[in-house]
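Okay, structure first, notes after.
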Amino acid sequence: MTSIAHISLPQYEIMIEHGVFDGEYRQRVELIRGEIRQMNPIGYEHTAVVDFLAEWSFRSGTSTDRRVRIQHTLRLPDSDSAPEPDVAWVARKSYTQHPSGADVLLLVEVADTSLAGDCGEKAALYAGSSIRDYWVVDVQGRSLIVHRNPQGDIYGEVRTLRGDDSIAPLCDPAARLTVRDLFSML
Numbered sequence: 001m002t003s004i005a006h007i008s009l010p011q012y013e014i015m016i017e018h019g020v021f022d023g024e025y026r027q028r029v030e031l032i033r034g035e036i037r038q039m040n041p042i043g044y045e046h047t048a049v050v051d052f053l054a055e056w057s058f059r060s061g062t063s064t065d066r067r068v069r070i071q072h073t074l075r076l077p078d079s080d081s082a083p084e085p086d087v088a089w090v091a092r093k094s095y096t097q098h099p100s101g102a103d104v105l106l107l108v109e110v111a112d113t114s115l116a117g118d119c120g121e122k123a124a125l126y127a128g129s130s131i132r133d134y135w136v137v138d139v140q141g142r143s144l145i146v147h148r149n150p151q152g153d154i155y156g157e158v159r160t161l162r163g164d165d166s167i168a169p170l171c172d173p174a175a176r177l178t179v180r181d182l183f184s185m186l
C-alpha cells in the first residue's frame, strides 16, 4: 500500500470527532504509523472467538483491577497509531481519552485473515509501546501465539500454544485459558 500523506494521531482524532468515517457507508478504519487503514470485514469465526474471549475476560480470574474493552481504540501517540484490538484488558481507572500502551494489561488480536500483520507489524507496534502481554489467536491454525517481554520493537518471548496447552495473563495468573476451549464454539 502506498501512503499519500502522514496523519498524526491528533489529526486522526479530530477526523473521528467530526464524523469523517461515519454515514451510510461507515468504514472500519484504524490509524497505524500515521496511515489510515481500512479494516477487514469481521467474519463468523472471528466474531465467535471474540465473543468467547469477552465472556472469558468477564468471568475469569480474581483481579478486579482491570477494565475489559472489546474492539475499542487504543492510543499509541509515540507511533501515531490508534489500533482497535479485539480484546484489551486495561488498568481500572478514569480515562479522559483512550487508554495508552502503559495502561494495557493484556492485548488480544483475533486473526482469521490478518495473521501476518498481527504477528509482524502490530507485534512491533505493541512491543514498541511496552505492552507486556500480547496474544494473537490464529483462527485458521487453531493456535494461540503469545508475545511477552518487549525489547524495543520486538518481543523477547514468542511461543505458540495448541490443543490442551493453557495460559494465563501475566496480570492475573488465576485467569487460565485452554486453547482447545478458545475454539470450542467453532
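In my numbering, the protein residues as written are 1 to 186. Beta carbons are placed, not taken as given, at the ideal position from N, Cα and C, and that holds for glycine. Keep in mind the model is a prediction, meaning the values are calculated, not measured.
- Between the beta-carbon of V87 and that of A111 there is about 13 angstroms, and that puts the pair past the 8 angstroms contact cut.
- Fewer than three pairs of CB atoms, one per stretch, sit closer than 8 angstroms, so the stretch 47–65 makes no contact with the stretch 120–132.
- If you draw a straight line from the Cα of D22 to the Cα of A48, it comes to about 26 angstroms.
- When secondary structure is reduced to three states using DSSP, I16 falls in the helix class.
- Beta-bridge partners assigned by DSSP to I32: E35.
- Membership of D153 in any beta strand (DSSP E) is not indicated, and neither H nor E is assigned to it by DSSP.
- The stretch 97–104 makes contact with the stretch 73–81; the number of CB pairs closer than 8 angstroms reaches 3 or more.
- DSSP places V50 in the helix class (H, G or I) of the three-state scheme.
- Within the same chain, Cβ atoms closer than 7 angstroms to the Cβ of S143 are found at T160, L161, R162 and V179, the five residues on either side in sequence being excluded.
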